[in-house]
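Trainee: Taking this note's numbering, the leading residue of the sequence shown gets 550, the next gets one more, and so forth.
Pasting in a structure now, in structure tokens, and then I'll have a few things to ask.
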Amino acid sequence: VNEPISKKYLSAVISFEDSTEKLSSCLQALVNWVPKIIVVLPDGEDIAKQIIDEFRVSVCVNRASTTQTRWEQGLSQINSHWVLFMRSNEIITGKLRKEITDKVKSQENHFIRYPLSPTIVFLKKQLKYPLDWHDSQPSYLTYLSQEKITPDPLKEKHEKLDGQLIRYGESTLLECTKTIIKKSEERAHRLAQNVKSTKIYFLLIRGVF
């Protein structure tokens, strides 16, 4: 019996977002229909590794400090045309799952991205409007060429899918405080990297002239 196209070509890259309980729920909603799953997490997350082992999915340990860089690291270790990029605190519901599996069965010959608009649960309440960091990348389904060439944003098609992606945010004020501290550290790290790159650039220019 031939496998469905979704079984052969769909992979998921999950960025670990601190909560092991939410990671378990995320994987539970994926393992029965996504054949290849890889979770990217920092070193030292032993409990998260145990959960990943229980679900028999792949793990990638990386120092990446942002969701986007974790997705990029995970992408480098899979080989699929269709890739689902998610956070570990998100759950795909039934209608969205059907939309994704239907799309994966289609044949594409160009880059295409399907952003997944989240319904956010914050402090244990569902919000009427999205609440996210201004520079936060949405989770998405994408079609990539076999060569994994980075698509030109001006040529990349964007379409929305029906269905609900539920993102579970912080449940307590203490969790909110930890998240703010973490985001501040990420921004400080990126700023330091930019300053370092700028210094190297000016040193090169000075050496030439």
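Yeah, the Cβ is synthetic: ideal placement off N, Cα and C, and Gly gets one too.
Given the structure is predicted, the values throughout are model-derived calculations rather than measurements.
Could you tell me whether the Cβ atoms of Gln713 and Thr642 are closer together than 7 Å?
Mentor: By one-based count along the sequence shown, residue 713 stands at place 164. By one-based count along the sequence shown, residue 642 stands at place 93. It is a contact, given that the beta carbons lie within the stated cut-off.
Trainee: Ends of the alpha helix (DSSP H) at Trp582?
Mentor: Mapped onto the sequence shown, residue 582 falls at position 33. No alpha helix (DSSP H) contains Trp582, which DSSP labels as neither H nor E.
Trainee: Which word fits Ala613, buried or exposed, when buried means at least 16 other C-beta atoms lie within 10 angstroms of its C-beta?
Mentor: The sequence position of residue 613 within the sequence shown is 64, counting from 1. Counting Cβ neighbours within 10 Å, Ala613 comes out buried, since at least 16 surround it.
Trainee: For the pair the stretch 558-576 and the stretch 586-598, tell me if three or more CB-CB distances fall below 8 Å.
Mentor: Counting Cβ pairs under 8 Å, three or more are found: they touch.
Trainee: Can we count Lys709 as close to the ligand GTP, meaning its CB is less than 6 Å from some heavy atom?
Mentor: Within the structure as shown, the ligand GTP is missing, as the structure has no ligands at all.
Trainee: Where do the N-terminal and C-terminal ends of the beta strand (DSSP E) with Ile715 fall, by residue?
Mentor: Residue 715 sits at position 166 when you count from the first residue of the sequence shown. From DSSP, the beta strand (DSSP E) with Ile715 extends over Leu714 to Tyr717.
Trainee: Taking only three categories from DSSP, how would you classify Glu708?
Mentor: Residue numbering aside, residue 708 sits at position 159 when the sequence shown is read from its first letter. In the structure shown, Glu708 sits in coil (DSSP, three-state: anything other than H, G, I, E or B).
Trainee: Any contact between the stretch 644-653 and the stretch 607-626? By contact I mean 3 or more CB pairs, one from each, below 8 Å.
Mentor: These segments do not touch.
Trainee: Going by the beta-carbon positions, is the gap between Asp602 and Glu648 smaller than 7 Å?
Mentor: For the purposes of this step, residue 602 is taken as residue 53 along the sequence shown, with counting starting at 1. For the purposes of this step, residue 648 is taken as residue 99 along the sequence shown, with counting starting at 1. Cβ atoms of Asp602 and Glu648: not closer than 7 Å.
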